[in-house]
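Here's the structure we're looking at; comments come further down.
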Amino acid sequence: MRISTSMIYNNLLSGIRNQQTIQNDGNAKIASGTRFQTPAQSGLDYKVSLDIRHAQSATQNSIDASKTVESRLNISQTLLNNMGNILKRAQTLAVQQSAGQLGASERQAALQEMNQLANQFLSDANQTWQGQSLFAGTAVDKPAFTDDGTGNISYTGSNQDRIVSISEHQQVVSNIRGDSAAFSAAFTAMKDFKTALQNNNQTAISAALGALNSAGDGVINLTSDAGARLSAMQFTRTSFEDMKTNLAKRLNAHEAADIPAVVAQMQQSSIALQAAYNQIAQLKSLSLTNYLR
Amino acid sequence: MIFDSLNIAASSLKTQQRALDVVSHNIANVNTPGYSRQSADLATLSSEKIAGLNLGRGVDIVNVRRLVDPIINQAILNNGSQLSYWDTTQKGLQAVENVFGSLQSTGLAAALDGFFTSWKQLANNPQDNGQKVNVRAKSSALIDNLNNMSQQIRSEQTNTDANINQSITRANQILDNIASLTTQIQRSEAGNKGIVGQANDLRDQRDQAVRDLAKMIPVQEVQTSSGSLMLQTLNGDLLVQDNTVRHLARGSAGTGNFANIVIQGSNTTIDNALQGGVIGGMINLRDNKLSSYIQQMDSIAANLIFSVNQVHASGASTKHATALTAGQSSNAALALNDATQTAPFAAQIKSGSFKLHVYDNTGTPTPAGGATISVTAGVTTMNDIATAINAITGVSASVNASGQLNITAATGNTFSLSSDSSNMLAAYEINSFFQGNNAGSIALASAIQSDAGAINTGQVDPATSTINLGDNSAALAILGLQNAALSVDGTTTASLHDRTTSISTQYGTDTAASVQQKDYRSVESDSLKNQRQAVSGVNVDEELVSMIKFQRAYESSAKVITTTNQMLDSLMGLIR
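Chains as they are written, first to last, in my numbering: chain L, 26 to 318; chain X, 475 to 1050.
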């Protein structure tokens, strides 16, 4: 092939442009630490990155949602534990006061304690957490229970559970609702016990003991339920945290640049570039013009 | 006889001098784009028969030839069109690269995730007004993202269309130049026989102009040795024949309301013949690439707007409304879903109903369970809706001059909406979350813009008309849209995330294809340029060798003259 003067320069220039592109791409990869940065550089890889990030976002949201459920169930469990202890103390009182040798004065004293316990139970049942009524269902701005002034306590919350979306396919109930039978049984048993103490009625006290035992079992069941759900939620959160770690690894493996390979390629390119520069510098002396003096 | 030698040497001096002129011209144009090296064709002068001998009479230049390969030139024309086409497409795509984000900031995908994350946080804490403010902020970020993307791509589309006009002007200038050069060539070569005496430099200039034109639009070329030239589009539409020029122009509105490209004086579009060149690349960019991205973004926005509004319009918060105005106008006398209604989602309306719950000044529903308003697709009008609402105690409705429905509670009363199975509320943006119908027009409902508390997280119980502060059913339903397959606009059913990643993927593959094609055409271009250079390019060393050759011949001829002169002196000395 016949070679024109322009061809010699054009070919070298074209080679230099190619090597400079390699250098520029290599610099971008080293600076960012990633194989690519934009969809223009690799459309499908970019899509996979978006998918992984989408999954990461969903996983983090699931972890956060799990924590919300755990917090609600945890505080509910604590309060139910407390209510269970109150009922245990009430049962102890009932056992003590059911003895035939006790008189009205002892039972009046027990009534004082029982009133305190009942108030504490009501206070626990109306407990709020972060300003939200814990046992009132979705009526979080209202107390779960109200006293009509005669000792009758009724549920004033909603019959709607507080649902938390953990993931696309998992929604969980994050609350214990006050319209559960265990609450009404506890309030009724305590009210009956107080009435029996007030009336110094040994038979009624014995009957209340049975009701208190039954209500205590109900509250323990609710506590166990909260505990079981809390435990399940902790397992769920742990699995999401594992998933989060795996996704982070996957994202890194997918996006990270192979730095040694990039450096090796740039080194090769650098040698080619230097050779091209050197050749251009030599070209001016490789002309017949230089010999026609 | 001695004088013959002088004459022969003189012809040589003249010829070598002219040949050296050709060498000098070649060296002078070594870097001139489009220049084809020239070669002096030397030939002996006709011999003279003297005393039975054929004696030579010297040398002359019979022609100055330019060295070209028409096949390579044709290949360069085709390659130039394709290279410009893909270069324009690639540069146009590159111009909107930032629209599609990067790993540092994934743009729409991240904004969409942020939007649904905020709804998840609100769903998990619906009583928290701070979460509603967060939803409003994340929604605004998503809206800004869609608006900006739409604005930038539409702007690029408009700029591309404007650039087509500039390219047409440039192409028309080249067409004029080609016609002018053809005229000059024909004048210069008038009376020539065959290829002898061709206007080499003018032909080079015309070839270069045709190559420049091919970079603008793909052309077919027919040249003759007489200097004539005919250029056509790929459809066969005449562009230039000798000194006759038919300019390109913009015609009537075509794809996307952009004006077609026509031959001036004709109404027939030649867009389909522009499958190459800068103009073809810009049409491809404008009508295929950018238009597709806009359509996909509009589809994302439409699905997001209507799907969210469907839920939100049937939702409520514990703060009931005192007045609501539809975001969309209607022709109140026509059916709500009549094809002529301007509301973009009117076609989504179907037979069904919605409920309106009125509350007195104590917040007590009057009556519990609210009132049902029925909608029959193809029958019920906005006037019918207003009439039905006016029949409900404690609330009134009217259709304003713009055709918008206004619902107003009586003094001290409030109201809520629920259970819309007809899509009427969402279609006319009543109690909606978003306004608009595409990526360019999407906005937050004005009520939410002014008060984040207007975001509905729950739903009124259709039986009791009550709603609890912690009710998150509407928020959960909106959250459920994140990965749900949607299609409210007739596009292929897909989730919003999939749609978002698809547009990035398509952009990426479009760019990769354009880069690959451009690289391929560039390599082809380099190869063709080298092939052309191999035939037509100037090699300075070659020219210098020729220069020495002609210089030596010139010196030798001069020596012949000197020697002949000495011979004449000797002869004259005999006489003295």
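Every residue gets a Cβ at the ideal spot worked out from N, C-alpha and C, and that includes glycine. This structure is a prediction, so every number in the text was calculated from the model and none was measured.
Give a yes or no on whether 8 Å exceeds the smallest Cβ distance from residue 72(L) to chain X. Position 47 of the first sequence, counting from 1, holds the residue named residue 72(L). Closer than 8 Å: yes.
Touching by the beta-carbon criterion (3+ pairs, under 8 Å), the stretch 763-771 of chain X and the stretch 714-724 of chain X: no
Residue interval of the alpha helix (DSSP H) (run including residue 97(L)): By one-based count along the first sequence, residue 97(L) stands at place 72. Per DSSP, residue 97(L) belongs to the alpha helix (DSSP H) from 68-122.
Proximity below 8 Å, CB of residue 640(X) to CB of residue 701(X): As a first step, residue 640(X) is located in the second sequence; it is residue number 166 there, counting from the start. As a first step, residue 701(X) is located in the second sequence; it is residue number 227 there, counting from the start. For residue 640(X) and residue 701(X), no; Cβs fall outside 8 Å.
Closer than 9 Å between beta carbons: that is the criterion. Which residues of the stretch 162-194 of chain L meet it against chain C? Going by chain labels, chain C is absent from the structure shown, which instead holds the protein chains L and X.
DSSP three-state assignment for residue 839(X), whether helix, strand or coil: On the second sequence, position 365 is the one that residue 839(X) refers to. Note: residue 839(X) maps to strand in three-state DSSP.
What are the residues of the stretch 133-157 of chain L that lie near chain X, defined by any Cβ-Cβ distance shorter than 8 Å? 156, 157
Is it the case that the stretch 890-906 of chain X contacts the stretch 780-788 of chain X, given that we only count it when at least three CB pairs across the two stretches are under 8 Å? yes
Of all Cβ atoms in chain L, is any one closer than 8 Å to the Cβ of residue 746(X)? Numbered from its first residue, the second sequence carries residue 746(X) at position 272. Not an interface residue.
Taking C-beta pairs closer than 7 Å, name the residues in chain X that residue 93(L) reaches, listed in chain order. Taking the first sequence and counting its residues from 1, the one referred to as residue 93(L) is at position 68. Chain X residues near residue 93(L): 598.
Could you give the DSSP three-state label for residue 850(X): helix, strand or coil? As a first step, residue 850(X) must be located in the second sequence, where it is residue number 376. Correct three-state label for residue 850(X): coil.
Assign residue 238(L) to one of three DSSP states: helix, strand, or coil. For this step, residue 238(L) is matched to residue 213 along the first sequence. Residue state, collapsed to three classes: helix.
Per-residue DSSP class, three states only, for residue 281(L): The residue labelled residue 281(L) in the question sits at position 256 within the first sequence. DSSP places residue 281(L) in strand when its eight states are reduced to three.
At 8 Å on the CB atoms, spell out the chain X contacts of residue 90(L), in chain order. By one-based count along the first sequence, residue 90(L) stands at place 65. Here the neighbours are 594, 598.
By how many angstroms is the C-alpha of residue 183(L) removed from the C-alpha of residue 163(L)? As a first step, residue 163(L) is located in the first sequence; it is residue number 138 there, counting from the start. As a first step, residue 183(L) is located in the first sequence; it is residue number 158 there, counting from the start. So the two alpha carbons sit approximately 6 Å from each other.
Work out the CA separation of residue 629(X) and residue 684(X) for me, nearest whole Å. Along the second sequence, one-based indexing puts residue 684(X) at 210. Along the second sequence, one-based indexing puts residue 629(X) at 155. Distance between the alpha carbons of residue 684(X) and residue 629(X) is about 32 Å.
Who are the neighbours of residue 944(X) on chain L, taking C-beta pairs under 9 Å? As a first step, residue 944(X) is located in the second sequence; it is residue number 470 there, counting from the start. Simply 157, 158, 161, 162, 163, 164, 165, 166, 183, 185, 187, 200.
Express the C-alpha separation of residue 557(X) and residue 994(X) in angstroms, rounding to a whole number. Counted from its first residue, the second sequence places residue 994(X) at position 520. Counted from its first residue, the second sequence places residue 557(X) at position 83. The alpha-carbon atoms of residue 994(X) and residue 557(X) are separated by roughly 9 Å.
Could you name each continuous beta strand (DSSP E) segment of 3 residues or more that falls completely within the stretch 944-969 of chain X, going from the start of the chain to the end? none
Excluding five sequence neighbours on each side, which residues of the same chain lie with their C-beta closer than 7 Å to the C-beta of residue 290(L)? Position 265 of the first sequence, counted from the start, is the residue given in the question as residue 290(L). Excluding residues within five positions, the ones whose Cβ falls inside 7 Å are 47, 51.
Which bits of chain L does residue 971(X) rub up against, with CB to CB less than 7 Å? Here residue 971(X) corresponds to residue number 497 of the second sequence, with the count starting at 1. Near residue 971(X) (Cβ distances below 7 Å), the residues of chain L are 79.
Inspect the beta-carbon positions of residue 109(L) and residue 244(L) and report whether they are closer than 8 Å. In the first sequence, residue 109(L) corresponds to position 84, counting from 1. In the first sequence, residue 244(L) corresponds to position 219, counting from 1. Closer than 8 Å, so yes.
Under the rule that 16 or more other beta-carbon atoms within 10 Å means buried, what is residue 26(L), buried or exposed? Sequence index remark: in the first sequence, residue 26(L) carries index 1 (1-based). When all chains shown are included, residue 26(L) counts as exposed.
If you draw a straight line from the alpha carbon of residue 1015(X) to that of residue 486(X), how long is it in whole angstroms? Taking the second sequence and counting its residues from 1, one reaches residue 1015(X) at position 541. Taking the second sequence and counting its residues from 1, one reaches residue 486(X) at position 12. Their Cα atoms are separated by approximately 24 Å.
In chain order, what residues of the same chain lie with their CB nearer than 8 Å to the CB of residue 859(X), ignoring the 5 residues before and after it? Indexing the second sequence from 1 puts residue 859(X) at position 385. Closer than 8 Å at Cβ, skipping near neighbours: 810, 847, 849, 871, 879, 898.
Which class does residue 826(X) belong to by DSSP, given the choice of helix, strand or coil? Taking the first residue of the second sequence as position 1, residue 826(X) is located at position 352. Here residue 826(X) sits in strand by DSSP.
Check whether the Cβ atoms of residue 623(X) and residue 582(X) sit closer than 8 Å, and answer yes or no. Counted from its first residue, the second sequence places residue 623(X) at position 149. Counted from its first residue, the second sequence places residue 582(X) at position 108. A contact, by the Cβ cut-off of 8 Å.
Can you tell which of 310(L), 283(L), 307(L) has its C-alpha closest to the C-alpha of residue 61(L)? As a first step, residue 61(L) must be located in the first sequence, where it is residue number 36. Selected option, being the one with the closest Cα: 283(L).
At 3 residues or longer, and completely inside the stretch 634-679 of chain X: list those beta strand (DSSP E) runs for me, N to C. none
Would the beta-carbon of residue 726(X) fall within 8 Å of that of residue 741(X)? Residue mapping note: residue 726(X) aligns to position 252 of the second sequence, counting from 1. Residue mapping note: residue 741(X) aligns to position 267 of the second sequence, counting from 1. Yes. Within cutoff.
Straight-line CA distance for residue 154(L) to residue 75(L)? Residue mapping note: residue 154(L) aligns to position 129 of the first sequence, counting from 1. Residue mapping note: residue 75(L) aligns to position 50 of the first sequence, counting from 1. Going from the Cα of residue 154(L) to the Cα of residue 75(L) covers about 37 Å.
Tell me, please, whether the CB atom of residue 1003(X) is closer than 8 Å to any CB atom in chain L? For the purposes of this step, residue 1003(X) is identified with residue 529 of the second sequence, where counting begins at 1. With 8 Å as the cut-off, residue 1003(X) counts as an interface residue toward chain L.
Would you mind stating whether residue 535(X) and residue 493(X) have Cβ atoms separated by less than 8 Å? In the second sequence, the residue the question calls residue 535(X) occupies position 61. In the second sequence, the residue the question calls residue 493(X) occupies position 19. Closer than 8 Å, so yes.
If you draw a straight line from the alpha carbon of residue 504(X) to that of residue 574(X), how long is it in whole angstroms? Along the second sequence, read from residue 1 onward, the residue named residue 504(X) stands at position 30. Along the second sequence, read from residue 1 onward, the residue named residue 574(X) stands at position 100. Looking at the two C-alpha atoms, the distance is approximately 45 Å.
Beta-carbon within less than 8 Å of residue 272(L)'s beta-carbon, same chain only, minus the 5 sequence neighbours each way: which residues are those? By 1-based counting over the first sequence, the position of residue 272(L) is 247. Counting only Cβ-Cβ distances below 8 Å, and skipping sequence neighbours, we find 77, 80, 81, 84.
Does at least one heavy atom of the ligand ATP sit under 7 Å from the Cβ of residue 781(X)? Looking at this structure, you won't find the ligand ATP or any other ligand, since it has none at all.
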